[in-house]
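Novice: This structure is in structure tokens; I'll ask about it shortly.
Protein chains: 2
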Amino acid sequence: MAVSKLEKLANALKSKVPEGRINFTVPDIWNAWDYQGPEMRRLPSEELLVNPYSFYSSLINACFLVKKDPQIDYQKPLSKINNEKITSKGGDWLHRASLYSMMPRASAAWDHDRSHSLDLDNLDHLKETGTFVKALALLPFLDKLGINTIYLLPLTRYSETNKKGELGSPYAVSSSTELDPNLKDDLCLDMLTLEEEFQAFVEACHLMQMRVTIDIMPRTIARDNTLIKDHPDWFYWIKVHDFDQYQVPRVEGLPNTLPPNPEHMEKVYASPSVKKHLALFQQDPKTTNESLWAKLLEDNPDNLQEAIKEHYGLMVAPAFSDHINDIQPPWSDITFLRFYFDHPTANRSFLENPDTPPYILFDTIKANLYPGEKPNRELWDLLSGIIPKFQKKYGIDGARIDMGHALPKALLENIMASARNVDHDFGFIAEELNPANAKTAKELGYNILVGNSFWMEPRVKEGYLREFINRATESELPMYACSETHDSARIANRNGGLLLSRMLTVVNMLLPNRIPFINSGQEFYETQPMNIGVDCTIDDRYSLPETDLFYGKLALFDKYAFHYLHPQRWELADLLQGIIKIRKQWLPQLLDKEASLVLSFWEESCAIAFGYYNKDNGDILIVAMNPDFENDIQVGGSISRLRELAKNHNTKGKLLYSTYEFGGDFHGLSLDTINLHLQKCEVKIITF
Amino acid sequence: MAVSKLEKLANALKSKVPEGRINFTVPDIWNAWDYQGPEMRRLPSEELLVNPYSFYSSLINACFLVKKDPQIDYQKPLSKINNEKITSKGGDWLHRASLYSMMPRASAAWDHDRSHSLDLDNLDHLKETGTFVKALALLPFLDKLGINTIYLLPLTRYSETNKKGELGSPYAVSSSTELDPNLKDDLCLDMLTLEEEFQAFVEACHLMQMRVTIDIMPRTIARDNTLIKDHPDWFYWIKVHDFDQYQVPRVEGLPNTLPPNPEHMEKVYASPSVKKHLALFQQDPKTTNESLWAKLLEDNPDNLQEAIKEHYGLMVAPAFSDHINDIQPPWSDITFLRFYFDHPTANRSFLENPDTPPYILFDTIKANLYPGEKPNRELWDLLSGIIPKFQKKYGIDGARIDMGHALPKALLENIMASARNVDHDFGFIAEELNPANAKTAKELGYNILVGNSFWMEPRVKEGYLREFINRATESELPMYACSETHDSARIANRNGGLLLSRMLTVVNMLLPNRIPFINSGQEFYETQPMNIGVDCTIDDRYSLPETDLFYGKLALFDKYAFHYLHPQRWELADLLQGIIKIRKQWLPQLLDKEASLVLSFWEESCAIAFGYYNKDNGDILIVAMNPDFENDIQVGGSISRLRELAKNHNTKGKLLYSTYEFGGDFHGLSLDTINLHLQKCEVKIITF
């Protein structure tokens with residue numbers, strides 16, 4: 167069996183304890199495991215001043231290694247570690263998942279030296295942006311929240327050439343398998359490799375009975391990436407001096423943000439703006455001049471991109487949205503990979519010139535709808551090999567495929583088959599926002615989908631939260647129950663703020679056919695979005711006080727640490743602690759579409775309620791919430807149908823849970839109805 | 167000429183700049199000189215994060231060395247540096263002084279590493295209690311306050327054996343001339359000696375045209391001190407096993423805190439409590455057994471005190487107040503020196519046993535009133551040599567003599583003569599609280615006296631502030647105008663708090679025949695007393711929030727840093743800036759008892775006002791204040807007498823200054839009267 171990298175890490179850290187009398191603070195949330203080092207001091211800021219070597223080596227021993235069975239290799243997927251029986255085509259453990267979306271660079275960042283600057287090399291020569299090692303301290307806190315699956319935002323090396331913000335986006339992948347060197351910790355600088363540190367992280371998660379899923383981006387890649395050298399023809403090219411004119415073409419007569427469906431394509435190709443756009447594209451440098459290319463490679467320039475610019479006047483074209491007339495500007499840091507060597511078969515006839523060089527358009531980048539006839543097999547194989555590399559090296563348990571639905575179907579199938587060939591129980595999350603596509607996603611082999619809850623849930627007054635809950639059991643695949651993502655506005659920064667955030671975070675743990683999903687920072691009411699990609703405005707971006715170190719900063723691009731010292735930072739952890747037991751007990755009903763019922767008559771008030779019944783013993787669980795963040799309400803309604811289904815006639819009820827008060831008998835029950843008082847954004851859970 | 171220690175210090179600090187990328191913060195008040203180092207960062211706490219080597223070497227260059235005349239030795243007294251004409255018997259520059267009472271250990275202390283603990287060896291192995299080097303950064307701020315004389319609390323090595331608090335009191339002198347090693351800075355640890363650092367400090371003060379006065383304690387000394395070895399007979403001894411019974415004797419039939427005047431002494435000696443007390447005293451160990459003493463010294467024990475305890479069962483007796491029935495407990499850390507080898511001549515007859523061993527009683531420790539016949543000449547010479555040592559080595563300008571009035575007159579004269587022999591313009595401050603003794607003090611050679619303003623000024627409602635001002639010109643010697651001292655409650659912690667503190671600190675700068683005196687911390691509204699010695703209660707001691715790092719701590723005994731981050735920390739500096747020019751212009755009148763007049767008719771309201779007139783040009787200056795911290799007032803009264811004296815008939819007045827508003831014409835003047843509106847605790851200065 168391989169040497170445990172977590173043990174190696176613990177030993178490395180321990181050996182440095184004598185060097186650890188330094189100015190290193192962590193937020194107290196990182197000590198949900200109750201470290202009691204004699205050197206620790208709680209500062210007035212509520213930060214903890216610790217010896218980091220002592221803190222982290224103690225963490226690893228006290229929280230992870232203590233659970234280790236020496237016979238088990240924790241670098242394997244959790245299904246194998248637990249020797250789980252696998253039903254279905256695999257990955258359906260995702261149905262029982264509670265997901266936490268973590269971006270280690272930001273989630274585990276802290277201004278450790280309190281210099282009011284998040285430094286890559288702080289006063290003690292330590293890294294203040296997040297690392298895998300530092301992220302270990304979050305796991306005990308996440309465990310308190312009931313999290314059992316860590317969803318990691320991209321971890322791989324990203325481009326710093328056309329980077330956005332201070333650091334660049336991890337979505338601007340410059341290597342699909344090499345880890346982002348920024349995630350290497352300085353605490354044990356030369357004692358472990360970055361790869362070993364991620365291995366240790368996955369090991370620790372598995373020891374906590376948490377699964378690890380990653381995010382892979384097969385469709386897009388940074389404009390400067392290592393593939394160009396060997397495969398210039400896998401990319402789209404334009405002239406450097408045309409770059410200024412490179413825009414998202416605007417198709418006259420069509421509305422904004424329209425899916426590129428076949429019925430629109432003739433109009434698209436006929437548009438003067440598109441024609442002008444297509445004229446910008448050039449053959450790749452190798453095709454343009456093969457001998458020059460050979461020489462150029464032989465010269466082995468430091469910066470291939472610059473050399474191409476200089477010798478060819480060519481550059482890789484930036485990507486943009488695949489929706490017609492999307493208002494987003496081009497995505498300057500990334501480009502698309504060519505899945506086919508020819509133009510889309512279906513639209514070829516619309517081209518004035520069939521010899522038009524490869525071009526980026528709504529169809530070429532939506533290869534699932536618009537395949538060509540000459541697939542780029544080598545690329546497909548390469549993409550299908552990414553996940554297996556991560557599986558074999560780190561033992562990850564699942565992946566979200568970024569824009570998977572835009573890939574050629576055969577490629578997607580290949581990616582999934584390759585992964586499940588390594589681990590039959592590998593889980594797949596579809597980055598599919600449209601619930602109507604759940605059935606297709608299921609057929610493709612996905613286990614769950616992202617869905618649209620991040621948009622529906624916050625829109626309480628418009629009735630979308632109610633609709634989201636009402637339609638929960640309709641979906642062919644379970645989808646996220648979340649109120650924010652790394653792309654959206656923060657729920658704590660929306661109308662209703664902290665109160666609504668609290669209600670939704672709690673109730674998401676108990677929705678039927680939904681997967682609780684917490685976006686890093688949400689659990690302590692972070693208000694600053696990580697990106698302003700989707701459903702997020704410029705006002706959201708600038709909502710922090712101007713004096714805040716992270717005013718206007720976005721975690722996806724900038725050096726960013728969350729506001730871990732929020733005065734109510736422990737509140738949701740406390741509230742979710744109470745939910746864990748209920749969720750565990752009622753999980754079979756949460757997963758069983760037949761075992762729940764929305765109490766739809768409640769629509770007369772703004773309150774929303776739904777019930778579960780246990781077919782075996784007739785127990786009923788009612789979850790009721792008041793999404794109104796301004797008024798308390800008194801509500802009531804019929805529960806006859808639920809009683810009928812459960813064959814339950816109990817009139818003695820129990821208040822199992824409330825976001826405001828604790829336990830006790832519940833007196834609002836009759837044989838027909840339930841009546842209860844709900845405070846602002848209160849969640850009440852009653853059983854009988 | 168001697169090498170400038172300040173230059174040596176600057177060079178030493180500069181050489182360490184490359185090591186200064188550490189976590190070192192200072193309060194921004196320490197940067198009143200506008201350091202702009204590129205590494206400096208203002209933290210949200212309003213502290214400045216700096217490279218300390220860069221910060222301090224820049225300070226020395228920018229604020230002090232830049233003013234240096236290479237021909238001048240700044241290690242001489244300022245009178246010599248400035249080549250001042252000396253009138254009178256010398257030291258009368260004190261009449262023009264604005265004093266700042268500094269206790270370097272506390273005044274220059276800071277939790278530099280922000281570990282929420284004031285450490286002697288912080289995370290960067292630096293000292294967080296104050297040092298001479300760190301105190302340099304206070305000088306530019308003090309300059310803004312108009313300070314021209316630094317009065318330093320005791321600087322010499324103190325005892326740590328019977329110490330009070332965390333560090334012990336600097337008043338428990340264990341060596342009269344050796345500097346307190348705690349004041350050595352770690353920034354240039356082995357590059358300068360402690361003595362050189364103090365030399366540098368005095369040099370810097372002189373370059374700022376500030377004088378330096380120190381505090382010397384000829385009467386008391388730490389119970390463990392180096393003199394015992396050679397002079398056991400200079401001390402008072404009791405048996406170790408009697409220590410529990412050692413108390414201040416209580417004389418029945420006499421009131422509390424009574425001066426030990428001759429008329430009481432018979433009663434004192436007749437008291438059973440005193441008899442019991444006298445019976446505790448023993449002959450010194452040498453006298454008790456000379457051969458044992460010789461052997462003991464030959465054995466040269468590490469701890470002589472312990473050896474004496476072991477072999478003789480003897481210990482040095484603690485000191486106590488010289489007032490009969492004072493309620494203060496014994497001063498456990500110090501003892502008295504024997505000025506005479508025999509008992510007080512005047513009271514000898516009251517002794518039942520003339521062979522009573524030397525004893526501490528209200529008379530033996532009040533040698534000015536109760537001399538003996540056999541003076542301890544060797545001790546007198548030693549004490550007279552203390553100040554000259556400081557003068558020759560450091561170039562200090564003056565001294566306060568602690569309890570000087572309790573010394574034998576001849577000793578005091580000797581002390582003064584020795585100092586003025588070295589520097590004819592050496593200044594002496596009498597620790598005389600009773601204004602009635604001003605004349606005596608003047609005759610003895612003192613230049614100014616402490617007086618009782620610290621007690622009078624805060625008692626506004628009781629009328630003592632008014633009385634203090636009304637009687638200002640009565641005093642034969644100028645005395646302090648202050649509202650607090652290191653022994654008293656803080657003015658900002660009294661009724662009226664910040665408002666009253668502001669008014670008094672401002673107005674003290676302009677009182678006739680008074681010497682402005684600011685107690686370290688007062689200038690930014692520190693509320694915690696440094697000691698609870700005089701006019702200070704246990705409630706004052708515990709008035710900080712319990713979460714405050716210095717809750718209950720006293721600067722005189724504990725590790726203490728002032729609250730330099732007070733939100734209004736710059737206010738008094740700004741207000742005093744406006745006074746400097748007025749004080750400078752009117753200084754001749756401030757010093758001339760004939761040139762001022764209290765506007766006594768103002769007694770009808772609570773307002774107080776006084777005026778100055780310039781005999782040469784007839785200008786009048788009126789200073790008016792409203793000591794009421796709750797109500798604004800409208801006041802007015804006659805100025806006829808002032809006009810008459812000044813021969814001034816101007817009706818166009820000018821508002822020269824206010825603690826609330828700025829400048830402009832003043833319209834409240836008529837030929838007979840002045841009328842003005844005063845806000846709460848406002849000071850208004852009008853000229854015409």
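Chains as they are written, first to last, in the numbering used here: chain A, 167 to 854; chain H, 167 to 854.
For glycine and all other residues, C-beta sits at the position ideal for the given N, C-alpha and C.
For clarity, every value in this text was computed on a predicted model and none was experimentally measured.
Is residue 223/H near residue 180/H, with beta carbons less than 7 Å apart?
Specialist: Indexing the second sequence from 1 puts residue 223/H at position 57. Indexing the second sequence from 1 puts residue 180/H at position 14. Going by C-beta atoms, residue 223/H is nearer than 7 Å to residue 180/H.
Novice: Under a CB-based cut-off of 7 Å, is residue 207/A close to chain H?
Specialist: Translated into positions along the first sequence, residue 207/A becomes position 41. Judged by the 7 Å Cβ criterion, residue 207/A is in contact with chain H.
Novice: Note down, in chain order, every chain A residue with its Cβ under 7 Å from the Cβ of residue 188/H.
Specialist: Your numbering for residue 188/H matches position 22 in the second sequence. By Cβ distance, chain A contributes 289.
Novice: What are the residues of the stretch 431-448 of chain H that lie near chain A, defined by any Cβ-Cβ distance shorter than 9 Å?
Specialist: Cβ contacts with chain A: none found.
Novice: Starting from the beta carbon of residue 282/H, find every residue of chain A whose beta carbon is closer than 7 Å, and list them in chain order.
Specialist: Here residue 282/H corresponds to residue number 116 of the second sequence, with the count starting at 1. Here the neighbours are 207, 209 and 210.
Novice: Taking only beta-carbon positions, decide if residue 215/A is within less than 7 Å of chain H.
Specialist: The count along the first sequence starts at 1 and reaches residue 215/A at position 49. True, the Cβ-Cβ gap to chain H drops below 7 Å.
Novice: Let's test the definition: count the other Cβ atoms within 10 Å of the Cβ of residue 623/H and tell me whether it reaches 16, buried, or not, exposed.
Specialist: Position 457 of the second sequence holds residue 623/H. With 16 or more Cβ atoms within 10 Å of its Cβ, residue 623/H is classed as buried.
Novice: Count the CB pairs spanning the stretch 542-561 of chain H and the stretch 362-371 of chain H that are closer than 8 Å, and state whether there are at least three.
Specialist: yes
Novice: Which ranges would you report for the beta strand (DSSP E) in the stretch 202-282 of chain A if only whole runs of at least 3 residues count?
Specialist: 213-215 and 265-268
Novice: Tell me the DSSP secondary structure of residue 540/H in three-state form.
Specialist: Counting from 1 along the second sequence, the entry for residue 540/H is found at position 374. In this structure, residue 540/H counts as coil in the three-state DSSP scheme.
Novice: Cutting at 8 Å between CB atoms, please list the residues of its own chain near residue 392/A, excluding the five before and the five after it.
Specialist: Taking the first residue of the first sequence as position 1, residue 392/A is located at position 226. Here residue 392/A has 340 and 341 as same chain residues with Cβ atoms under 8 Å from its own Cβ, once five neighbours each way along the sequence are excluded.
Novice: One question on the structure: do residue 292/A and residue 352/A come within less than 7 Å of each other, judged by their Cβ atoms?
Specialist: As a first step, residue 292/A is located in the first sequence; it is residue number 126 there, counting from the start. As a first step, residue 352/A is located in the first sequence; it is residue number 186 there, counting from the start. Between residue 292/A and residue 352/A, the C-beta gap is smaller than 7 Å, which places the two residues in contact.
Novice: Work out the CA separation of residue 286/H and residue 186/H for me, nearest whole Å.
Specialist: Working through the second sequence from its first residue, we reach residue 186/H at position 20. Working through the second sequence from its first residue, we reach residue 286/H at position 120. The straight-line gap from Cα to Cα measures roughly 18 Å.
Novice: What residue range is occupied by the uninterrupted beta strand (DSSP E) comprising residue 682/H?
Specialist: Taking the second sequence and counting its residues from 1, the one referred to as residue 682/H is at position 516. Its beta strand (DSSP E) spans residues 680-685.
Novice: In angstroms with no decimal places, state the Cα-to-Cα distance between residue 344/H and residue 259/H.
Specialist: If you number the second sequence from 1, residue 344/H lands on position 178. If you number the second sequence from 1, residue 259/H lands on position 93. Each residue's Cα considered, the two are about 28 Å apart.
Novice: Candidates 660/H, 733/H and 692/H: which alpha carbon is nearest residue 703/H's?
Specialist: As a first step, residue 703/H must be located in the second sequence, where it is residue number 537. Residue 660/H is the option with its Cα nearest to residue 703/H.
Novice: Going by the beta-carbon positions, is the gap between residue 569/H and residue 597/H smaller than 7 Å?
Specialist: On the second sequence, position 403 is the one that residue 569/H refers to. On the second sequence, position 431 is the one that residue 597/H refers to. Yes, these two residues count as a Cβ contact at 7 Å.
Novice: Only counting the same chain, and skipping five residues up and downstream in sequence, which positions put a Cβ closer than 7 Å to that of residue 665/H?
Specialist: Along the second sequence, one-based indexing puts residue 665/H at 499. Excluding positions up to five away in sequence, the list reads 795, 846 and 847.
Novice: Residue 546/H and residue 577/H: beta carbons closer than 7 Å?
Specialist: Residue numbering aside, residue 546/H sits at position 380 when the second sequence is read from its first letter. Residue numbering aside, residue 577/H sits at position 411 when the second sequence is read from its first letter. Yes.
Novice: If distances are taken between C-alpha atoms only, which option among 775/A, 781/A and 800/A comes closest to residue 788/A?
Specialist: Here residue 788/A corresponds to residue number 622 of the first sequence, with the count starting at 1. Comparing Cα positions, the closest option is 775/A.
Novice: Applying the 10 Å Cβ sphere with the 16-neighbour rule, what's the burial state of residue 440/H?
Specialist: Along the second sequence, read from residue 1 onward, the residue named residue 440/H stands at position 274. It is buried - the Cβ of residue 440/H has at least 16 other Cβ atoms within 10 Å.
Novice: Within 7 Å (strictly less), CB to CB, does residue 740/H reach chain A?
Specialist: Taking the second sequence and counting its residues from 1, one reaches residue 740/H at position 574. So no, residue 740/H is outside the interface.
Novice: Following the continuous alpha helix (DSSP H) through residue 594/H, name the residue where it begins and the one where it ends.
Specialist: The residue you call residue 594/H lines up with position 428 of the second sequence. Looking at the DSSP string, residue 594/H is not in any alpha helix (DSSP H); the run it does join, the beta strand (DSSP E), is 593-596.
Novice: With a threshold of 7 Å between beta carbons, is residue 508/A in contact with chain H?
Specialist: In the first sequence, counting from the first residue as 1, residue 508/A sits at position 342. Closer than 7 Å: no.
Novice: Grab me the residues of residue 726/H's own chain with a C-beta within less than 6 Å of its C-beta, minus the 5 sequence neighbours each way, in chain order.
Specialist: Position 560 of the second sequence, counted from the start, is the residue given in the question as residue 726/H. Closer than 6 Å at Cβ, skipping near neighbours: 272, 716 and 719.
Novice: Counting Cβ pairs, one atom from each stretch, are 3 or more of them under 8 Å apart for the stretch 392-408 of chain H and the stretch 444-461 of chain H?
Specialist: The stretch 392-408 of chain H, when compared against the stretch 444-461 of chain H, does touch it at the 8 Å Cβ threshold.
Novice: Identify every residue that forms a DSSP beta bridge with residue 375/A.
Specialist: By 1-based counting over the first sequence, the position of residue 375/A is 209. Residue 375/A is not bridged to any residue.
Novice: Select from the stretch 259-283 of chain H all residues with a C-beta closer than 8 Å to any C-beta belonging to chain A, and list them in chain order.
Specialist: 279, 280, 281, 282 and 283
Novice: Give the straight-line distance between the Cα atoms of residue 541/H and residue 444/H, rounded to the nearest whole angstrom.
Specialist: Taking the second sequence and counting its residues from 1, the one referred to as residue 541/H is at position 375. Taking the second sequence and counting its residues from 1, the one referred to as residue 444/H is at position 278. Spanning the two alpha carbons is a distance of roughly 21 Å.
Novice: Please return the same chain residues whose Cβ sits closer than 6 Å to the Cβ of residue 584/H, not counting the five positions on each side in sequence.
Specialist: As a position in the second sequence, residue 584/H is number 418, starting the count at 1. Once the five neighbours on either side are set aside, the close Cβ partners of residue 584/H are 550 and 554.
Novice: With H, G and I counted as helix, E and B as strand and the rest as coil, what does DSSP make of residue 622/A?
Specialist: Position 456 of the first sequence, counted from the start, is the residue given in the question as residue 622/A. If DSSP states are grouped into helix, strand and coil, residue 622/A belongs with the helices.
Novice: Classify residue 724/H as buried or exposed, calling it buried when 16 or more other Cβ atoms lie within 10 Å of its own Cβ.
Specialist: Residue mapping note: residue 724/H aligns to position 558 of the second sequence, counting from 1. Counting Cβ neighbours within 10 Å, residue 724/H comes out buried, since at least 16 surround it.
Novice: Taking residue 652/H and residue 325/H to be in contact with their CB atoms under 8 Å, please state how far apart those CB atoms are, rounded to whole angstroms.
Specialist: Sequence index remark: in the second sequence, residue 652/H carries index 486 (1-based). Sequence index remark: in the second sequence, residue 325/H carries index 159 (1-based). Not really, about 19 Å apart at Cβ, beyond 8 Å.
Novice: Consult DSSP for residue 514/A and reduce its assignment to one of helix, strand or coil.
Specialist: Locating residue 514/A in the first sequence gives position 348, where the first residue counts as 1. Note: residue 514/A maps to helix in three-state DSSP.
Novice: Which partner residues of residue 822/A appear in the DSSP bridge assignment?
Specialist: Stepping through the first sequence from its first residue, residue 822/A is reached at position 656. Note: residue 822/A sits in no beta bridge, so no partner.
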